[in-house]
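One structure is given below, encoded as structure tokens.
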Amino acid sequence: MTIVQNLQHILAQIKQCDATQAVRLLAVSKTKPVSDILQAYQAGQCAFGENYVQEGVDKINWFASQNIHLEWHLIGPLQSNKTKLVAEHFDWVQTLDRIKIAERLNAQRPAQRAALNVLIQVNISNEESKSGIQPEQLAVLAAQIVQLPRLRLRGLMAIPQANADITQQKETFEKMTALFNQLQKRYPEQPIDTLSMGMSDDMQMAIQCGSTMVRVGSAIFGLRN
Ligand SMILES: *Cc1c(COP(=O)(O)O)cnc(C)c1O
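Heads up: the sequence shown runs through residues -2 to 222, numbered per our numbering.
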């Protein structure tokens, strides 16, 4: 199967879910070359996710040099020494979990660019190895982020525990949807429209539970080394 066929297959699967909410596809291109991204772009895919800042910036610069404007999402952890690069190059940060990082991104977002879209990452399966805030911390962090004029809070992101059984998966996704609904209700004046959850293996379940953005890598680009 080619990248284009894989992409069409995933889009068909999303459609089949027959969700009441709109669902966007984020193509996760980490470790993959620009030639792969170009194929996906030529098939109509515009939003791409990268995990590593420098790798992402290199790809963003390459596409800019070709005059191709894609939407770039940082989906990996962000350390404070990399915030400037991210503020200058990316369109979205999906892994915000500390006010200090939010403040740096806010200060470093170039004036000529639109506000940086951000999602708060929630450590919904409460795994020690994962970044993200605890659900109880959401209200405070969200209240701080909406004060920052160069950031635009768009919603929440989660990476649930891998290899959970179907029942656990569903419960976890439903917990995220409940948090997302609360956030929307709390900030009706903010453009909170994005609940990023679901990957290659659990995409359909995530959509059934309310996801508005699935992040799919290997099912589009093939396995990573
Ligand atoms: C790698 C990655 C994905 C994509 O995973 P696949 O299993 O390849 O679809 C999605 N989200 C995050 C945060 C990732 O790091």
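All C-beta atoms, glycine included, are put in the ideal place defined by N, C-alpha and C.
Computed from a predicted structure; not experimentally measured.
Worksheet item: Roughly how many whole angstroms lie between the Cα atoms of Asn78 and Ala159?
Response: For the purposes of this step, residue 78 is taken as residue 81 along the sequence shown, with counting starting at 1. For the purposes of this step, residue 159 is taken as residue 162 along the sequence shown, with counting starting at 1. In this model, Asn78 and Ala159 are separated by some 29 Å (Cα to Cα).
Worksheet entry | Gln18 versus Ile204: straight-line alpha-carbon distance, rounded | Locating residue 18 in the sequence shown gives position 21, where the first residue counts as 1. Locating residue 204 in the sequence shown gives position 207, where the first residue counts as 1. For Gln18 and Ile204, the distance between alpha carbons rounds to 9 Å.
Worksheet item: Starting from Asn114 and walking both ways along the beta strand (DSSP E), at which residues does that stretch end?
Response: Mapped onto the sequence shown, residue 114 falls at position 117. Note, Asn114: beta strand (DSSP E), Leu113 to Val119.
Practice prompt. To the nearest angstrom, report how far apart Ile0 and Ala24 are at their CA atoms.
Written response: Taking the sequence shown and counting its residues from 1, the one referred to as residue 0 is at position 3. Taking the sequence shown and counting its residues from 1, the one referred to as residue 24 is at position 27. The alpha-carbon atoms of Ile0 and Ala24 are separated by roughly 11 Å.
Worksheet item: Would the beta-carbon of Ser122 be found less than 7 Å away from any heavy atom of ligand 1?
Response: Along the sequence shown, read from residue 1 onward, the residue named residue 122 stands at position 125. No.
Worksheet item: Taking contact to mean at least 3 C-beta pairs separated by less than 8 Å, is the region 91 to 99 in contact with the region 108 to 127?
Response: Enough Cβ pairs lie closer than 8 Å, so yes.
Practice prompt. Could you have a look at Met84 and say whether DSSP puts it in helix, strand or coil?
Written response: In the sequence shown, the residue the question calls residue 84 occupies position 87. Residue identity differs from the one stated: residue 84 is Ala in this sequence, not Met. The answer is helix: DSSP assigns Ala84 an H, G or I state.
Practice prompt. Evaluate contact between the region 28 to 38 and the region 156 to 175, counting only Cβ atoms and requiring at least three cross-stretch pairs below 8 Å.
Written response: no
Discussion item. Below 7 Å, is the gap between the Cβ of Met196 and the nearest heavy atom of ligand 1?
Written reply: The residue you call residue 196 lines up with position 199 of the sequence shown. Yes, ligand 1 has a heavy atom inside 7 Å of this Cβ.
Worksheet item: Is it right to say Thr209 is buried, meaning 16 or more other beta carbons lie within 10 angstroms of its own, or is it exposed?
Response: For the purposes of this step, residue 209 is taken as residue 212 along the sequence shown, with counting starting at 1. Buried: at least 16 other Cβ atoms inside 10 Å.
Discussion item. With a threshold of 8 Å, are at least 3 pairs of Cβ atoms found where one atom belongs to the region 62 to 70 and the other to the region 125 to 132?
Written reply: Contact fails: fewer than three Cβ-Cβ distances are below 8 Å.
Fill in: the region 99 to 107 in contact with the region 55 to 63 per 3-pair CB rule at 8 Å
no
Fill in: Residue from Arg221, Asn222, Leu220 and Val213 with nearest C-alpha to His6
Position 9 of the sequence shown, counting from 1, holds the residue named residue 6. Here the closest residue by C-alpha is Val213.
Fill in: CA nearest to the CA of Ile121, picked from Glu168, Tyr49, Gln51 and Asn222
As a first step, residue 121 is located in the sequence shown; it is residue number 124 there, counting from the start. Restricting attention to Glu168, Tyr49, Gln51 and Asn222, the CA atom closest to the CA of Ile121 is found in Glu168.
Item to complete: Leaving out five residues on either side along the sequence, give the residues of the same chain with a beta carbon under 6 Å from the beta carbon of Lys56.
Response: Within the sequence shown, numbered from 1, the residue matching residue 56 stands at position 59. Cβ neighbours of Lys56 within its own chain (closer than 6 Å, five residues either side excluded): Val31.
Worksheet item: Rounded to whole angstroms, how far is the Cβ of Leu192 from the Cβ of Thr174, which I believe are closer than 8 Å?
Response: The sequence position of residue 192 within the sequence shown is 195, counting from 1. The sequence position of residue 174 within the sequence shown is 177, counting from 1. Right, their Cβ atoms sit about 7 Å apart.
Worksheet item: So what does His70 bridge to, in DSSP terms?
Response: For this step, residue 70 is matched to residue 73 along the sequence shown. Beta-bridge annotation (DSSP): His70 is paired with Gly46 and Trp89.
Worksheet item: Going along the chain, which residues of its own chain have a beta-carbon closer than 7 Å to the beta-carbon of Ile98, five neighbours each way excluded?
Response: Reading the sequence shown from its first residue, position 101 is the one you call residue 98. Only Leu75, Ser77 and Thr80 meet the Cβ criterion.
Practice prompt. Would you mind giving the Cβ-Cβ distance between Leu22 and Ile34, rounded to the nearest angstrom? I have them listed as a contact below 8 Å.
Written response: The residue labelled residue 22 in the question sits at position 25 within the sequence shown. The residue labelled residue 34 in the question sits at position 37 within the sequence shown. That belief does not hold up - the Cβ atoms of Leu22 and Ile34 are roughly 14 Å apart, past 8 Å.
Worksheet item: Leaving out five residues before and five after Glu186 in sequence, what residues of the same chain have Cβ atoms less than 7 Å from its Cβ?
Response: Walking along the sequence shown from the start, residue 186 turns up at place 189. No residues qualify anywhere along the chain.
Worksheet entry | Classification of Asn3 by the beta-carbon crowding that lies within 10 angstroms, buried from 16 upward | Counting from 1 along the sequence shown, the entry for residue 3 is found at position 6. Burial of Asn3 is indicated by the presence of at least 16 other C-beta atoms within 10 angstroms of its C-beta.
Worksheet item: Does at least one heavy atom of ligand 1 sit under 7 Å from the Cβ of Ile7?
Response: The residue given as residue 7 occupies position 10 in the sequence shown. Ile7 Cβ: outside cutoff for every heavy atom of ligand 1.
Worksheet entry | Rounded C-alpha distance that separates Phe170 from Ala155 | As a first step, residue 170 must be located in the sequence shown, where it is residue number 173. As a first step, residue 155 must be located in the sequence shown, where it is residue number 158. So the two alpha carbons sit approximately 9 Å from each other.
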